[in-house]
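Residues in the sequence shown are numbered consecutively from 1339, following the numbering used here.
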Amino acid sequence: MARKSWNQLSASYRQRLERAGITPEQHARGTGLQQARGHVSAQHEQKQGRYRRSVDRFVRKQERVYGKDPEDVRDELSNLSQSETESLIRQQETMERQYDKGYFQRATRGWEARDADLPDWMYWYHGTFS
1339 MARKSWNQLS ASYRQRLERA GITPEQHARG TGLQQARGHV SAQHEQKQGR
1389 YRRSVDRFVR KQERVYGKDP EDVRDELSNL SQSETESLIR QQETMERQYD
1439 KGYFQRATRG WEARDADLPD WMYWYHGTFS
């Protein structure tokens, strides 16, 4: 996607870029804007985007498969750090994959070894584990 020209940017966004030291000429040359947007680097910005998309997919699945209110899920996740949330999502996906492949005992052991600090609604899959 092509970058907008300086004049196509909103006045408030241009001011924000200028405060961060980005001139119209630098913008036209394609200077990185991550720091002006409050990000450490392009890689950090990409990692944060992947994390947000992962959480969004998880929340949508909790609503679609388990009937959980998205706001309740997001509220629970907000009590966890990013690394804890990523771990929770990986753990849930692993157990679901095992269950779907017919490895019921392996999935059950995963549920039994779960982090007891996690909310109760994380402890089951299609009603099998409760």
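Where a beta carbon is used, it is the ideal one built from N, C-alpha and C, also for glycine. Given the structure is predicted, the values throughout are model-derived calculations rather than measurements.
*Identify, in the order they occur along the chain, each residue of the same chain with its Cβ nearer than 8 Å to the Cβ of proline 1408, setting aside the five sequence neighbours on each side.*
These residues qualify, in order along the chain: Val1397, Arg1398, Gln1400 and Glu1401.
_In chain order, each beta strand (DSSP E) run of at least 3 residues that lies wholly inside the region 1381–1460_ = Runs found: none.
*Between which two residues does the alpha helix (DSSP H) containing arginine 1367 stretch?*
Residues 1362–1367.
*Whole-angstrom distance between glutamate 1424 and leucine 1347, CA atom to CA atom*: Computed Cα separation, rounded: 35 Å.
*Contact check, isoleucine 1360 vs serine 1392, beta carbons under 8 Å*: No. Outside cutoff.
*Exposed or buried, what is valine 1411 when buried is set at 16 or more other beta-carbons lying within 10 Å of its beta-carbon?*
Buried, since its Cβ has 16 or more Cβ neighbours within 10 Å.
*Can you tell me the Cα-Cα spacing of glutamine 1386 and alanine 1380, whole angstroms?*
Distance between the alpha carbons of glutamine 1386 and alanine 1380: 10 Å.
*Throw me the rounded Cβ distance for the leucine 1355 and alanine 1340 pair, which I believe falls under 8 Å.*
17 Å between Cβ atoms; not a contact.
*What is the DSSP secondary structure of arginine 1354, reduced to helix, strand or coil?*
If DSSP states are grouped into helix, strand and coil, arginine 1354 belongs with the helices.
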